[in-house]
Amino acid sequence: MNPSAVALESESLQKKGHPKGLGVLFATEMWERFNFYGMRALLSLFLVNALAFSDADASIIYGGFLGLSYLTPMLGGYISDRFLGNRNCILLGGLIMSIGQLLLFFSGWMFEGNVDSARGIMWLGLFVIIIGNGFFKPNISSMVGQLYPKGDSRLDSAFTIFYMGINVGAFLGMTICPLLGDVTINEGERTIQVASAFKWGFLAAGAAMFLGTVLFFYLKDKYVITPDGKAVGAKPKFTNQAVQAGGEAEKAHFTSKAIGIAGALLVILFFAIHYLSLDPNVTVQNPIKVWVYPFIYAAGISLAVLIMTDKSITKIERDRILVLYAVAFFVIFFWACFEQAGSSLTFIASYQTDRRLFGWEMPASFVQNANSAFIIIFAFPMSFLWSWLQTRKLEPISPVKQAIGLALLALGSLIIGLSVKGLGQTEKLAVIWLIVMYLFHTIGELCLSPIGLSLVSKLAPLRFSSLLMGVWFIGNASGYALAGTLGTLLPPTGNKFQDAAKAGIDLQGILDKTITPTVEQLSQLKSLNISAHYPQFLGFTIHNLYEFFMVMVILPGAASLLLFLISGILKKGMHGVR
255 MNPSAVALES ESLQKKGHPK GLGVLFATEM WERFNFYGMR ALLSLFLVNA
305 LAFSDADASI IYGGFLGLSY LTPMLGGYIS DRFLGNRNCI LLGGLIMSIG
355 QLLLFFSGWM FEGNVDSARG IMWLGLFVII IGNGFFKPNI SSMVGQLYPK
405 GDSRLDSAFT IFYMGINVGA FLGMTICPLL GDVTINEGER TIQVASAFKW
455 GFLAAGAAMF LGTVLFFYLK DKYVITPDGK AVGAKPKFTN QAVQAGGEAE
505 KAHFTSKAIG IAGALLVILF FAIHYLSLDP NVTVQNPIKV WVYPFIYAAG
555 ISLAVLIMTD KSITKIERDR ILVLYAVAFF VIFFWACFEQ AGSSLTFIAS
605 YQTDRRLFGW EMPASFVQNA NSAFIIIFAF PMSFLWSWLQ TRKLEPISPV
655 KQAIGLALLA LGSLIIGLSV KGLGQTEKLA VIWLIVMYLF HTIGELCLSP
705 IGLSLVSKLA PLRFSSLLMG VWFIGNASGY ALAGTLGTLL PPTGNKFQDA
755 AKAGIDLQGI LDKTITPTVE QLSQLKSLNI SAHYPQFLGF TIHNLYEFFM
805 VMVILPGAAS LLLFLISGIL KKGMHGVR
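Take a look at the structure:
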C-alpha cells in the first residue's frame with residue numbers, strides 16, 4: 255500500500271471513532287480494577303485491625319504488595335511476547351487473581367480463631383494476586399495500543415477512555431467492598447472496627463474478577479480485532495524474516511553475555527540497595543523493606559539495561575526507549591506520593607478525620623474513592639481537551655503533560671498540608687479537605703498515567719510492546735515501594751496519644767525526649783503498636799502531619815520542575831512522536 259493510501263485509510267478510521275474492541279477491553283479492565291482496588295481499599299485496615307500489624311508495618315506490606323504487583327508484569331509481558339500471547343495471559347491472570355481473593359476471604363474468615371494461620375493464608379493470597387496481576391496487567395494495556403494503526407493520533411484519547419474504565423471499576427470496587435467490609439460500631443466515644451466483616455469485601459472483589467474474565471472469554475473473538483479482522487493479542491508467530499514489513503526487527507536478540515551481565519548487575523544492585531536499606535537503630539529488620547524493595551529497584555534497572563543490549567535496536571528505537579526510561583523515572587515520585595491513599599491517608603481518614611458529609615459518616619476506606627469519582631467525571635473532558643488542543647497545534651508533548659501532572663499532585667499535597675498545620679491531638683480534619691486534595695491528585699493523574707500508557711504504545715518497538723509496558727510498570731512498582739517507605743513517615747495521630755494516655759503514658763513527652771520511658775512503658779507502647787520516636791527521612795525528623803505532607807510537596811514538585819526543564823531534550827529523542 256502506498257503512503258497516500260495509508261493516509262486516507264488512517265483518516266477514514268479516525269472519522270469512525272474508536273473500535274468496538276476498546277469497549278471490551280474497557281469492561282474487562284473495569285472488573286479487574288474493581289477486584290484490585292476494592293481489595294486495596296481494605297488491605298491496610300485489615301492488616302492492622304484483624305491481623306494485628308502496626309500502622310508502619312502495614313504501610314510497608316502495602317507498598318511491597320503494590321510494588322511486586324507492578325514488577326511481575328515484566329515476566330508476564332515476556333511470556334506473552336514469546337509464548338502465550340496477550341489473550342491467554344489475560345484469561346490466566348484473571349483466574350489466578352480470583353483464587354487469590356478467595357484466599358484473602360479465608361484469611362478474614364479464620365483470623366479470630368488463629369491469627370498466625372490467618373497471616374499465613376494472607377501472605378499466600380497476596381502472592382497469588384501478585385502473580386495473576388503480572389499476567390493480566392501489561393497485556394490488556396498493550397492490546398489497547400494494538401487496536402490502532404502505528405502512530406494513530408487517537409491513542410491518547412483511547413487510553414484516556416480506557417483509563418476511565420479503570421476508574422469506573424475502581425469506583426465500584428471502592429464503594430461496594432468498603433460498604434461490605436469496612437464496618438464500624440460506636441461504643442460510647444470509641445469507634446470499634448468490626449474486623450470480621452473484611453472477608454465479605456474480599457469475596458466481592460473475587461467475584462468481580464471472575465465475572466470480568468468470563469466476559470472477556472466470550473467477547474474477545476468477535477470484537478478484539480484489528481481493522482482488517484485479525485485477532486489482537488493472539489499467540490505470537492515468528493517467521494524466518496529478520497525484519498517485518500514496517501521496518502522493525504521481528505524478534506529481540508539478547509546474547510548470552512548480555513543476559514549474564516544483566517544478571518550480575520541485578521545481584522550487585524540488590525545487595526547494595528539491601529545494605530543501604532538496613533536501619534542501624536532497629537534490631538529486627540522488616541523483611542519486605544530490606545529484601546523485597548531492593549529486589550524491585552534492582553530488577554527495574556537491570557531489565558532496562560538488558561533491553562538496551564538487544565542487537566537489533568536501531569538508533570531511533572534506542573533514543574525512544576531512553577525517553578521512556580527517563581519519563582518512567584520521574585513517574586516514580588508521582589506514585590510514591592499518590593499511593594499514600596491506601597496507607598497513610600487511609601489511617602489519617604480513620605484516626606483523625608471527621609468523615610461526616612451531608613449527614614453521612616463514610617467508612618475510612620471509602621474516602622479515597624473520591625479519586626475514582628473525579629476520574630469518571632473528568633476523563634472525557636480531559637480526552638476532549640487533548641483532542642481540541644491537537645487540532646489547534648497547541649497540544650503539549652507527553653513529558654510536558656506528565657510534568658503538569660506532578661505539579662498538580664504537589665499542589666494537592668500543599669493544600670492538605672496547610673489544612674492540617676496546627677491541628678491539635680484531639681482535633682479532626684474535615685473530610686472535605688481530603689476530597690479537595692484528591693481532586694488535584696486526580697487531574698494530575700489524568701495528565702500523567704494514561705498519557706504514559708499511550709507513550710509506551712507510541713515509542714516501543716513492536717517486538718518489545720508488552721515487555722516495555724512491563725518496564726513502564728516497574729517504574730510504577732518502584733514508586734509503590736517508595737510509597738511504602740514514605741507511609742512509615744506518618745507521625746503519631748491523635749488516637750495514638752489517647753491510647754497512650756489511657757495506659758498512663760505521656761507519649762508527647764517521650765517523643766520530645768523530655769521524658770525517659772521505662773522498660774515497662776516501652777513494652778506497653780509496643781503492645782499498642784505505638785512508636786516511641788518520631789519518624790525520620792533523609793536526616794529530617796517528621797514531627798507532625800504538616801511536615802509529613804511537605805515531603806509529598808517537595809518530592810513531586812522538584813520532579814515536575816526537572817522534567818519540564820529537560821522536555822526539549824526528550825522531544826528530540828522521541829523523533830516526531832508527541
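Plus 254 on top of the position in the sequence shown (first one is 1) and you've got our numbering.
Idealized CB from N, CA, C, for every residue including glycine.
C-beta contact flag for residue i and residue j at 8 Å
i	j	result
M351	M463	yes
F456	L322	no
G843	N289	Here the chain comprises residues numbered 255 to 832, so residue 843 is not present and cannot be evaluated.
I552	L523	With the sequence shown as reference, residue 552 is identified as Ala, and Ile is not the correct amino acid for it. Against a cut-off of 8 Å, the Cβ pair of L523 and A552 comes out as a contact.
S416	L279	Rather than Ser, the amino acid found at residue 416 in this sequence is Phe. Yes.
G676	R294	no
P650	F413	no
G362	K453	yes
T326	I375	no
G706	I479	no
L779	I759	yes
P550	V725	At residue 550 the sequence reads Ile, which differs from the Pro that was named. No, they are not a contact pair.
S708	W687	no
M428	Y291	yes
S313	G671	no
P490	R336	yes
Nearest candidate by alpha-carbon position, reference residue i, set the options
i	options	result
I446	V302, D760, A595, I697	V302
I315	I570, Q594, F508, A580	Q594
A735	L401, G483, G318, Y692	G318
H787	V805, K767, K489	K767
K825	V654, D533, V369	V654
Y477	S566, G277, L356	G277
A714	E571, V538, T467, A516	E571
I420	T282, R408, Y472, P481	T282
P432	V544, M616, L815	M616
S450	L782, D436, E801, A459	D436
E366	F300, L469, S598, A627	F300
F628	L349, C343, D309, G423	G423
L668	V690, G793, P650	V690
T467	E699, A757, P789, N342	N342
S308	L799, S781, Y800, S814	S781
L799	D311, I602, Y547	I602
L465	N368, W726, L345	L345
D410	L722, G678, W640, M723	W640
F587	F751, G659, L576	G659
F584	F791, L338, L702, S395	L702
L693	I353, F390, N623	N623
I430	T568, A312, R287, G347	R287
A727	L740, G427, G738, V710	Note on identity: in this sequence residue 727 is Phe, with Ala being the wrong assignment. Checking every option, the nearest Cα to that of F727 belongs to V710.
I542	L578, A512, F638, T742	T742
Status (buried if at least 16 other CB within 10 Å, exposed otherwise) for residue i
i	result
E441	exposed
T747	buried
G271	exposed
P635	exposed
V538	exposed
W642	exposed
Q355	buried
S777	exposed
G822	exposed
N540	buried
D533	exposed
H695	buried
L819	exposed
L817	buried
R878	With the chain covering 255 to 832 only, the question about residue 878 has no answer from this structure.
A755	exposed
W589	buried
K859	Residue 859 is absent from the model: the chain starts at 255 and stops at 832.
K511	exposed
8 Å Cβ cutoff, residue i in contact with chain D
i	result
M636	The structure shown contains no chain D, having only a single protein chain.
Restricting to runs no shorter than 4 residues, where is the alpha helix (DSSP H) found entirely within the region 432-478? 452-477
Per the contact definition of three or more C-beta pairs closer than 8 Å, is the region 725-736 in contact with the region 661-671? With a cut-off of 8 Å on Cβ pairs, the region 661-671 is not in contact with the region 725-736, counting fewer than three such pairs.
Contact between the region 676-683 and the region 803-812: three or more CB pairs below 8 Å? With a cut-off of 8 Å on Cβ pairs, the region 676-683 is not in contact with the region 803-812, counting fewer than three such pairs.
Counting Cβ pairs closer than 8 Å, one from the region 323-337 and one from the region 807-823, do we hit at least three? Judged by Cβ distances under 8 Å, the region 323-337 makes no contact with the region 807-823, as fewer than three pairs qualify.
Start-end ranges of the alpha helix (DSSP H) lying completely within the region 642-722, minimum 4 residues: 652-674, 685-713
Using a Cβ distance threshold of 8 Å, determine whether the region 511-528 contacts the region 571-591, with at least three qualifying pairs required. no
Alpha helix (DSSP H) runs wholly inside the region 356-434, at least 4 long, in chain order: Runs of the alpha helix (DSSP H) lying entirely within the region 356-434, each at least 4 residues long, are 369-400 in chain order.
Taking only runs that begin and end inside the region 729-809, name each unbroken alpha helix (DSSP H) of 4 or more residues, in chain order. 748-756, 761-765, 773-781
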